[in-house]
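Okay, structure first, notes after.
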Amino acid sequence: MRLALRILLALILGIAIGLGAAWLSLRAGISAFEERSGPWITSQNFGSAEASDRERAIVAVRGLMALSASEAIYFNAATDSDGRDLDGGCRYRIAGPPLAARWWSVTAYGADAHLIPNPDHAYSAGGDGGDAVLAITGPEPGLGEIATPAGEPFELTLRAYGPGEGLIGSELPRIERLSC
Amino acid sequence: MLRRLGWIGLVAGIAMLVYWTAIAMIPSTLMSMAMGRLEQNAPVNAMGHAPLSTAERRIIVRPSPDLAYSTCLFDVTDGPVEISVEPIDAPYWSLSVFDAETDVAFIRNDREAGGAAFRIALVKEGQAAPQGVEAVRVSSDRGLALLRILVPERDAFAAIDAARRTSRCGAVE
Numbered sequence: 023m024r025l026a027l028r029i030l031l032a033l034i035l036g037i038a039i040g041l042g043a044a045w046l047s048l049r050a051g052i053s054a055f056e057e058r059s060g061p062w063i064t065s066q067n068f069g070s071a072e073a074s075d076r077e078r079a080i081v082a083v084r085g086l087m088a089l090s091a092s093e094a095i096y097f098n099a100a101t102d103s104d105g106r107d108l109d110g111g112c113r114y115r116i117a118g119p120p121l122a123a124r125w126w127s128v129t130a131y132g133a134d135a136h137l138i139p140n141p142d143h144a145y146s147a148g149g150d151g152g153d154a155v156l157a158i159t160g161p162e163p164g165l166g167e168i169a170t171p172a173g174e175p176f177e178l179t180l181r182a183y184g185p186g187e188g189l190i191g192s193e194l195p196r197i198e199r200l201s202c
Numbered sequence: 039m040l041r042r043l044g045w046i047g048l049v050a051g052i053a054m055l056v057y058w059t060a061i062a063m064i065p066s067t068l069m070s071m072a073m074g075r076l077e078q079n080a081p082v083n084a085m086g087h088a089p090l091s092t093a094e095r096r097i098i099v100r101p102s103p104d105l106a107y108s109t110c111l112f113d114v115t116d117g118p119v120e121i122s123v124e125p126i127d128a129p130y131w132s133l134s135v136f137d138a139e140t141d142v143a144f145i146r147n148d149r150e151a152g153g154a155a156f157r158i159a160l161v162k163e164g165q166a167a168p169q170g171v172e173a174v175r176v177s178s179d180r181g182l183a184l185l186r187i188l189v190p191e192r193d194a195f196a197a198i199d200a201a202r203r204t205s206r207c208g209a210v211e
């Protein structure tokens, strides 16, 4: 009886620790990926059979059905270029040289990984690969700017479709806080 | 002391097993949930055309608001599924095929297609594609084909929406 109780306790404890570790591992999310450039983090194993189980799980949680790196590269940022968490109540400028890609876009997402509600559908900014990257975010966006949630954190995703070989390791846009 | 170490080892072993099982099951579980939601868009083995993503439409996480998504939930259990894509006048489009584990089985974009129409047949082991149709082997019976079309501005959506509806997905008769 006492042995059965101990086994049951070990089982409950083991399951709790295992699930807790899985939750923590996924919570670390994309920031656990290794390829970084300033505030931008990515992995070239999205959508790939070579991706580890953990990478595949993180991508499934954070961006199901991501394309593989030969077709598109997804960079994610949760901080500005000075390392401060992105704050939806602040205005930011995302600016940098043209990217080695056919097309780029910058999109803001809420903490729930969904688009941020706003009446003008001001979710993203984009341009041809030959265009310099320029996007402005803020809680009261002007024309062509991206809306962010006042008083809440948010994240940015920089998508590069048709990436060239030099994209990884090249200069990516800076995320500069303009005002709060 | 040895007895205590034995119990610690047992708990650690169970924890590791639970951790790896949970991590391994997440992609297929989330894919299955997403496919269930996408079935609102169109039945299995048929092309469905979603409106542009908005904050209110929450089918998958991190959708691109710049892309028009058309989907085909495929099931090759009873035979191959053929997808035909007609060229679309947009700065970028691509067809990608994902298996139940979220791995990419196929991608072709507008440039690779040479701006021309193409057909593929999704097949599993033991199935053959119709003559003259490119076979794409999938490692699971069910999965998702996704047509992404770049919509440079929201005003361009109506024309792109009309053009994408000429693409087809269906079981091979």
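Chains as they are written, first to last, in my numbering: chain A, 23 to 202; chain B, 39 to 211.
Quick reminder that beta carbons are idealized off the backbone N, C-alpha and C, glycines included.
Taking Cβ to Cβ, would you say residue i is nearer than 8 Å to residue j?
| i | j | result |
| --- | --- | --- |
| B/Phe144 | B/Leu182 | no |
| A/Ala88 | A/Pro185 | no |
| A/Val83 | B/Leu68 | yes |
| A/Glu168 | A/Ala157 | It is Ile, not Glu, that sits at residue 168 of chain A in the sequence shown. Yes. |
| A/Leu165 | A/Ser59 | no |
| B/Ser91 | A/Leu137 | yes |
| B/Ala61 | A/Ala79 | Rather than Ala, the amino acid found at residue 61 of chain B in this sequence is Ile. Yes, they are a contact pair. |
| B/Val119 | B/Phe112 | yes |
| B/Leu55 | B/Ser134 | no |
| B/Ile52 | A/Gly42 | no |
| B/Asp104 | A/Gly148 | yes |
| A/Pro22 | B/Ala93 | Chain A is shown only over 23 to 202; residue 22 of chain A falls outside these bounds and no answer can be derived. |
| A/Arg196 | A/Ala91 | no |
| A/Arg76 | A/Ser47 | yes |
| B/Ala106 | B/Arg206 | no |
| B/Gly170 | B/Pro125 | no |
Thinking just about the alpha-carbon of each residue, which of the options is nearest to the one in residue i?
| i | options | result |
| --- | --- | --- |
| A/His143 | A/Phe97, A/Gly151, A/Asp134 and A/Thr129 | A/Thr129 |
| A/Cys202 | A/Gly42, A/Ser103, A/Leu35 and A/Cys112 | A/Cys112 |
| B/Val127 | B/Trp45, B/Gly47, B/Thr204 and B/Gly208 | One detail in the question is off: residue 127 of chain B reads as Asp in this sequence, not Val. Among B/Trp45, B/Gly47, B/Thr204 and B/Gly208, the Cα nearest to that of B/Asp127 belongs to B/Thr204. |
| A/Leu121 | A/Ile29, A/Glu57, A/Ile63 and A/Asp150 | A/Asp150 |
| B/Asp148 | B/Trp131, B/Arg157 and B/Lys162 | B/Trp131 |
| B/Arg186 | B/Ala88, B/Met63, B/Arg41 and B/Val49 | B/Ala88 |
| B/Gln165 | B/Phe156, B/Arg157, B/Arg175 and B/Ile158 | B/Arg175 |
| A/Ala123 | A/Leu180, A/Asp109 and A/Ala100 | A/Leu180 |
| A/Ser65 | A/Glu198, A/Ile29, A/Leu189 and A/Arg196 | A/Leu189 |
| A/Asp102 | A/Ile29, A/Gly173 and A/Thr159 | A/Thr159 |
| A/Pro171 | A/Trp62, A/Leu48, A/Leu27 and A/Tyr131 | A/Tyr131 |
| A/Thr98 | A/Glu187, A/Ala135 and A/Leu35 | Note on identity: in this sequence residue 98 of chain A is Asn, with Thr being the wrong assignment. With distances taken between Cα atoms, A/Asn98 lies closest to A/Ala135. |
| B/Glu191 | A/Glu57, A/Pro141, A/Phe176 and A/Tyr145 | A/Tyr145 |
| B/Asp179 | B/Ala50, B/Ser102, B/Gly47 and B/Asn83 | B/Asn83 |
| B/Glu211 | B/Arg75, B/Pro168, B/Arg41 and B/Ser66 | B/Pro168 |
| B/Asn79 | B/Ile97, B/Ser70, B/Ser66 and B/Ala93 | B/Ile97 |
| B/Pro129 | B/Ala50, B/Ala173, B/Ala194 and B/Leu48 | B/Ala194 |
| A/Gly173 | A/Glu198, A/Ala133, A/Ser192 and A/Glu57 | A/Ala133 |
| A/Asp104 | A/Pro61, A/Ser74 and A/Pro141 | A/Pro61 |
| B/Gly74 | B/Pro125, B/Ala155, B/Leu48 and B/Ala138 | B/Ala138 |
| B/Ala9 | B/Arg41, B/Ile121 and B/Met71 | Any question about residue 9 of chain B goes unanswered here, given that chain B covers just 39 to 211. |
| B/Ser102 | A/Glu57, A/Ser127, A/Ala100 and A/Ala50 | A/Ser127 |
| A/Ser57 | A/Ile34, A/Arg106, A/Tyr96 and A/Trp125 | The amino acid at residue 57 of chain A is misidentified as Ser; the sequence shows Glu. Closest option to A/Glu57, Cα to Cα, is A/Tyr96. |
| B/Cys110 | B/Val99, B/Ala72 and B/Leu48 | B/Ala72 |
| B/Val114 | B/Ser177, B/Arg42, B/Arg41 and B/Leu43 | B/Ser177 |
| A/Arg198 | A/Arg106, A/Ile63, A/Arg49 and A/Ala50 | Before going on, a small fix: residue 198 of chain A reads as Glu here, not Arg. Of the listed residues, the one whose Cα sits closest to A/Glu198 is A/Arg106. |
| B/Ser66 | A/Ile34, A/Val81 and A/Ala50 | A/Val81 |
| A/Gly191 | A/Gly110, A/Pro141, A/Ile63 and A/Ala26 | A/Ile63 |
Less than 8 Å between the CB atoms is what I'm expecting for residue i and residue j, so what's the real figure, rounded?
| i | j | result |
| --- | --- | --- |
| A/Leu178 | A/Arg115 | About 12 Å; that fails the 8 Å criterion. |
| B/Trp45 | A/Ala38 | Their Cβ separation, rounded to whole angstroms, is 15 Å, which puts B/Trp45 and A/Ala38 out of contact at 8 Å. |
| A/Gly40 | B/Tyr57 | 4 Å |
| A/Leu108 | A/Pro161 | Not confirmed; about 12 Å, so no contact. |
| B/Gly117 | B/Ala200 | Contact flag wrong, Cβ pair sits at about 30 Å. |
The segment 126–140 of chain B: positions lying closer than 8 Å to chain A by Cβ: Pro129, Tyr130, Ser132, Ser134, Phe136, Glu139 and Thr140
Mind listing which residues of the segment 48–70 of chain B have their C-beta closer than 9 Å to chain A's C-betas, in chain order? Leu48, Val49, Ala50, Gly51, Ile52, Ala53, Met54, Leu55, Val56, Tyr57, Trp58, Thr59, Ala60, Ile61, Ala62, Met63, Ile64, Pro65, Ser66, Thr67, Leu68 and Met69
Do the segment 68–88 of chain B and the segment 153–164 of chain B meet, that is, are 3 or more Cβ pairs less than 8 Å apart? no
Residues of the segment 104–123 of chain B in Cβ contact with chain A at a cutoff of 7 Å, in chain order, please. Asp104
For the segment 123–134 of chain A, list every residue whose C-beta sits within 9 Å of some C-beta in chain B, in sequence order. Arg124, Trp125, Ser127, Thr129, Tyr131, Gly132 and Asp134
Can you list, in chain order, the residues of the segment 170–183 of chain B whose Cβ is nearer than 8 Å to any Cβ on chain A? The segment 170–183 of chain B vs chain A, Cβ under 8 Å: Leu182.
Along the segment 89–100 of chain B, what residues have a CB closer than 9 Å to any CB found in chain A? Leu90, Ser91, Thr92, Ala93, Glu94, Arg95, Arg96, Ile98, Val99 and Arg100
In chain order, what residues of the segment 176–197 of chain A put their CB closer than 8 Å to some CB of chain B? Cβ contacts with chain B come from Thr179, Arg181, Tyr183 and Gly184.
The segment 143–174 of chain B: which residues have C-beta closer than 7 Å to a C-beta of chain A, in chain order? Ile145 and Asn147
Residues in the segment 136–157 of chain A having any Cβ partner in chain B nearer than 8 Å: His136, Leu137, Ile138, Pro139, Asn140, His143, Tyr145, Ser146, Gly148 and Asp150
If you measure beta-carbon to beta-carbon, which residues of the segment 188–201 of chain B are closer than 8 Å to chain A? For the segment 188–201 of chain B, the residues whose beta carbon sits under 8 Å from a beta carbon of chain A are, in order, Leu188, Pro190 and Arg192.
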